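One structure below.
Chains as they are written, first to last, in the working numbering: chain V, 1 to 804; chain L, 1001 to 1118.
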């Protein structure tokens, strides 16, 4: 009996130990997790931001002053110490995020979350994310100084990781039950790839291929013109391009492959985009140029941005950094300010590959056979066996689609040609911008920047303003890469790149301002082939109209423009709808909604009903209009909003207006009414469940934790207006991820805010303390310290000392 | 008997407190086990005295930490665990988990001590 009892209690003890020490499904190892001495309770604290810390390899002490926003102001004696300190301090506040984002870039999410991440990971591998990072690293190694700084940053991060014991790990590690691995220089390259994928990783070539085959060239061009009938490009229309004296690539003879493609990989979110602008001294109320930037990205906690001041005796910069990359990315220094918007361009093409046989060791090229190489991707999965995926590489790039991935043909595939694989030292330009003193320095700094192409806006204390559309762009023949290309035809290869000096740019234009909002970079007069690959058509016109509306602009005007909720899209369609729609048969409830939207002033303000009605109405109208393109058998896409509205208002009787499922022949005006009735029904349903459909409630903007499915670490229902295609581009999950305004006085005066907080720890008050002010359109003054002497704005100071 | 209960209670907490400084969470299982070996109790007390000891240790410890930080994180973790966002419920759960671990290992300790004494 004794022994049985002993055995039972022994087994019970083991079972309890196991159950409390093991992650079971989504539940963390609960004993470990709730242990007050080592688990999550240890994260219930603000960060320690004073005292002394010993760091290996520093050459002199580094002073870090923190202000009340928890912004670190780093004062180092030289660049190597500076970037080491940047690595250490960034890791101190954002370690988990840095590692998670670079794992995501590399396609290593399954290592953390298990087999749910496998599709994501495999797609990342098939895109050649790791391959691209390797290429970048090779390029970076050509510049020993970049390598030295990358290594200093790496060492700083690793010093911080080494200082952690288990109880100090960020809470996400405890929830998911894993540990950080050492930082590497490749991780910085991976982070830059992550940005390249987000901002230059989209295309519709395969969908366009299907559509061209299905509807013919004339109909295709009607749906997807290279230029819309309105265009307010980044570089003013009157620009003289006669200095461009290189030959354009000639269009080759020969056919494009007419394949039917059934399924394509996930595309970046269409709401990724940005605004930036600058006014000259002459157009500024104070006589100093003023510059603004607001990158629209996924709204996440921890934020993609981390604000820092980075200072040595030689240079002093401040602004938004990307955890994982060195230097300030969008910011200012003593002499200049700069910011970026995404410069969309077709830098991703697909080539049809014909393999010689099923071994896939050779593919057809230039009348012969060319050898492939293989990159074996090892995808480790938490709690399951490792998956190996052999990705075939051609001279174009990885064969993303083959019989192992989204296709079933053993002897053919589609290879990706992508600027992300071209290699590039895209760290260096930012380090040089941090130190730049003039327009010439700025141009030199960005010269070698390749991807993701950006519209770099610039202003200086010397009074210059400028914008360069900078990236490495293929010099394409007209039409090249809009559709699937023939991978065996050398004429279909990218022939050359546009010489950097001929990238579109403007300095001190006559109109006294520069701006960009992801619109067309140029008009038709620019000699190189640029087609509309998703250019924005609304924000740019509102911004440029604003700057053309009066002579002088102040910082206050800039704030108002950031927070401008004018819905030009709705304003261009609704009056036409009201005019042409027959509303005599609407029910009284429908009529009430109709009158609500009719009295709307086209501003997407939080208390208004109009924006919600417009949103639902459009969401019904758009798929009703393009019902022709709903297909399970092949990948199709629908025209951009601008062209959709253009066709409805200019060709209301076009056959595309018809709803193919009905026997009646509908025109655009019928669609307005039908979609309105559906919208009214949905709104009434919504109202009965959720109450008043004012724009704040209906849109319900949120800032999610990076790990989806942790509402407790996220913020919901924020009181912010706007929407995609509006200058205040805040949709449900995307929007101004950083708002900055810099006046180029000496020293510059700057405002900045982002929807998050400096701390990555949900247990810190600094985790999300900017969110409320951000939502209501407030800014925080950025305290650009001019010397290392602490002022009354500094709440704590930490010193990093060289350890012996 | 009450005296023995009190001794076991105090000794369990002291061992747990010391071991928690350098051992992982299962230090409370060691504490429950060791005190059961040396301060043998009777019947339900075998489980409930160490349970209550560690319940007090963990919940008071958790309370002190989170009270000092306005329960910022514990409210969120309580929401995450669908405990209604109430930090006190999370503190209670923490105490129960720790107590359970200590109580169960004490049962084993008690059986083993009976064997050794024989």
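Each residue gets a CB set at the ideal place from its N, CA and C atoms; glycine is no exception.
All values reported here derive from a predicted model rather than from experimental measurement.
(Q) Quick check on residue 92 of chain V - is its C-beta less than 8 Å from some C-beta in chain L? (A) On the first chain, residue 92 of chain V is found 92 positions in, with the first residue counted as 1. No, no contact with chain L.
**Q.** Residue-level contact to chain L via CB, residue 302 of chain V, 8 Å cutoff
**A.** As a working mapping, residue 302 of chain V is identified with position 302 in the first chain. It does not: the Cβ of residue 302 of chain V has no partner Cβ on chain L nearer than 8 Å.
Q | CB contact check: residue 1062 of chain L to chain V, cutoff 8 Å | A | Position 62 of the second chain holds residue 1062 of chain L. Interface residue, yes.
Q. Skipping 5 residues on each side, what residues in its chain have a beta carbon closer than 8 Å to that of residue 388 of chain V?
A. Residue 388 of chain V sits at position 388 when you count from the first residue of the first chain. 376, 377, 378, 379, listed in sequence order.
Q: Along the beta strand (DSSP E) that carries residue 1010 of chain L, what are the first and last residues, could you check?
A: One-based indexing of the second chain puts residue 1010 of chain L at position 10. First-last for residue 1010 of chain L: 1002 to 1019, but that is the alpha helix (DSSP H), not the beta strand (DSSP E).
Q | Residue from V:656, V:682, V:683, V:681 whose Cα sits closest to the Cα of residue 670 of chain V | A | Against the first chain, residue 670 of chain V aligns to sequence position 670. Answer by Cα proximity: V:656.
Q) Expressed to the nearest angstrom, what Euclidean distance is found between the alpha-carbon atoms of residue 264 of chain V and residue 447 of chain V? A) Mapped onto the first chain, residue 264 of chain V falls at position 264. Mapped onto the first chain, residue 447 of chain V falls at position 447. When rounded, the distance between both Cα atoms is 34 Å.
Q: Answer yes or no: does any C-beta atom of chain V fall closer than 8 Å to that of residue 1038 of chain L?
A: Taking the first residue of the second chain as position 1, residue 1038 of chain L is located at position 38. Answer no: the Cβ-Cβ gap between residue 1038 of chain L and chain V never drops below 8 Å.
Q: Closer than 8 Å by beta-carbon distance: list the chain L residues that pair up with residue 32 of chain V, in chain order.
A: Within the first chain, residue 32 of chain V is the residue found at index 32, counting from 1. Those are 1024, 1025, listed as they occur along chain L.
Q. Taking all protein chains shown into account, do 16 or more other C-beta atoms lie within 10 angstroms of the C-beta of residue 74 of chain V, making it buried, or fewer, making it exposed?
A. If you number the first chain from 1, residue 74 of chain V lands on position 74. Around the Cβ of residue 74 of chain V, a 10 Å sphere holds 16 or more other Cβ atoms; the residue is buried.
**Q.** Uninterrupted alpha helix (DSSP H) stretches inside the region 53 to 136 of chain V (no shorter than 4 residues)
**A.** 79 to 106, 110 to 113, 118 to 126
Q. In terms of alpha-carbon separation, which member of L:1101, L:1083, L:1002, L:1108 lies closest to residue 20 of chain V?
A. For the purposes of this step, residue 20 of chain V is taken as the residue at position 20 of the first chain. Answer by Cα proximity: L:1101.
Q: Give the interface partners of residue 1052 of chain L over in chain V, defined as CB-CB distance under 8 Å, in chain order.
A: Stepping through the second chain from its first residue, residue 1052 of chain L is reached at position 52. Within chain V, no residue comes near residue 1052 of chain L; the closest Cβ sits about 16 Å away, beyond 8 Å.
Q: Could you work out which residues of chain V lie near residue 1076 of chain L, taking near to mean beta carbons separated by less than 7 Å?
A: Mapped onto the second chain, residue 1076 of chain L falls at position 76. Within chain V, the residues near residue 1076 of chain L are 712, 713, 762.
Q: Determine the chain V residues that contact residue 1012 of chain L at a beta-carbon separation under 7 Å, and present them in chain order.
A: Residue 1012 of chain L sits at position 12 when you count from the first residue of the second chain. The contacting residues do not exist; residue 1012 of chain L stays about 15 Å from chain V at best.
Q) To the nearest angstrom, how far is it from the Cα of residue 1009 of chain L to the Cα of residue 1053 of chain L? A) Walking along the second chain from the start, residue 1009 of chain L turns up at place 9. Walking along the second chain from the start, residue 1053 of chain L turns up at place 53. C-alpha separation (whole angstroms): 5 Å.
Q | Close-in-space but distant-in-sequence residues of the same chain around residue 629 of chain V (CB under 6 Å, 5 per side omitted) | A | What you label residue 629 of chain V is simply residue 629 of the first chain in a count that begins at 1. Within the same chain, residue 629 of chain V has close Cβ partners 636, 638.
Q.
Within 8 Å of any Cβ in chain L, is that where the Cβ of residue 546 of chain V sits?
A. Taking the first chain and counting its residues from 1, one reaches residue 546 of chain V at position 546. So, not an interface residue.
Q) Where do the ends of the alpha helix (DSSP H) carrying residue 679 of chain V lie? A) Position 679 of the first chain, counting from 1, holds the residue named residue 679 of chain V. Run containing residue 679 of chain V: 668 to 690, per the alpha helix (DSSP H) assignment.
(Q) Using only the alpha-carbon positions, how far apart do residue 252 of chain V and residue 527 of chain V sit? (A) Residue numbering aside, residue 252 of chain V sits at position 252 when the first chain is read from its first letter. Residue numbering aside, residue 527 of chain V sits at position 527 when the first chain is read from its first letter. About 18 Å.
Q) How do the region 592 to 602 of chain V and the region 328 to 335 of chain V stand: do at least 3 beta-carbon pairs fall below 8 Å, yes or no? A) Contact fails between the region 592 to 602 of chain V and the region 328 to 335 of chain V, because fewer than three Cβ pairs, one in each stretch, are under 8 Å apart.
Q: Could you tell me which residues DSSP puts in a beta bridge with residue 741 of chain V?
A: The residue given as residue 741 of chain V occupies position 741 in the first chain. Residue 741 of chain V is bridged to V:292, V:751.
Q: Output, in chain order, the set of chain L residues within a Cβ distance shorter than 8 Å of residue 282 of chain V.
A: One-based indexing of the first chain puts residue 282 of chain V at position 282. Near residue 282 of chain V there are no residues of chain L at all, since even the closest Cβ is about 49 Å away, more than 8 Å.
Q. If you draw a straight line from the alpha carbon of residue 178 of chain V to that of residue 22 of chain V, how long is it in whole angstroms?
A. As a working note, residue 178 of chain V is residue 178 in the first chain. As a working note, residue 22 of chain V is residue 22 in the first chain. For the pair residue 178 of chain V and residue 22 of chain V, the Cα-to-Cα distance works out to about 11 Å.
Q. Hey, how far is the Cα of residue 458 of chain V from the Cα of residue 665 of chain V?
A. For the purposes of this step, residue 458 of chain V is taken as residue 458 along the first chain, with counting starting at 1. For the purposes of this step, residue 665 of chain V is taken as residue 665 along the first chain, with counting starting at 1. Taking the straight line joining both Cα atoms gives about 53 Å.
Q.
One question on the structure: do residue 744 of chain V and residue 673 of chain V come within less than 8 Å of each other, judged by their Cβ atoms?
A. Here residue 744 of chain V refers to the residue found at position 744 when the first chain is read from its first residue. Here residue 673 of chain V refers to the residue found at position 673 when the first chain is read from its first residue. No; because the gap between Cβ atoms is not below 8 Å, this pair is not in contact.
Q) Just how far apart, CA to CA, sit residue 575 of chain V and residue 545 of chain V? A) In the first chain, the residue the question calls residue 575 of chain V occupies position 575. In the first chain, the residue the question calls residue 545 of chain V occupies position 545. Taking the straight line from one Cα to the other gives about 20 Å.
Q: Quick one: using the 10 Å Cβ neighbour count with 16 as the cut-off for buried, is residue 607 of chain V buried or exposed?
A: Start at 1 with the first residue of the first chain, and residue 607 of chain V comes out as number 607. Classification of residue 607 of chain V: exposed, given that the 10 Å Cβ count is below 16.
Q. Nearest chain L C-beta to residue 35 of chain V closer than 8 Å, yes or no?
A. Locating residue 35 of chain V in the first chain gives position 35, where the first residue counts as 1. Yes, contact with chain L.
Q | Within 8 Å, strictly: CB atoms of residue 170 of chain V and residue 752 of chain V | A | Within the first chain, numbered from 1, the residue matching residue 170 of chain V stands at position 170. Within the first chain, numbered from 1, the residue matching residue 752 of chain V stands at position 752. Result no, Cβ atoms of residue 170 of chain V and residue 752 of chain V do not sit closer than 8 Å.
Q: Could you list which residues in chain V have their beta carbon closer than 9 Å to that of residue 1069 of chain L, in chain order?
A: Walking along the second chain from the start, residue 1069 of chain L turns up at place 69. Neighbours of residue 1069 of chain L on chain V, chain order: 44, 45, 46, 763, 764, 765.
Q: Please compile the residues from chain B whose C-beta is within a distance smaller than 9 Å of the C-beta of residue 703 of chain V.
A: Checking the listed chains, one finds no chain B in this structure; the protein chains it contains are V and L.
Q: Along the beta strand (DSSP E) that carries residue 706 of chain V, what are the first and last residues, could you check?
A: In the first chain, residue 706 of chain V corresponds to position 706, counting from 1. Element bounds for residue 706 of chain V: n/a, residue is neither H nor E.
(Q) For residue 771 of chain V and residue 702 of chain V, which I take to be in contact (beta-carbon distance under 8 Å), what is that distance rounded to the nearest angstrom? (A) Residue 771 of chain V sits at position 771 when you count from the first residue of the first chain. Residue 702 of chain V sits at position 702 when you count from the first residue of the first chain. Actually they do not touch by this definition, with Cβ atoms about 10 Å apart.
Q: Would you be able to state if there are at least three C-beta pairs under 8 Å between the region 494 to 508 of chain V and the region 522 to 536 of chain V?
A: yes
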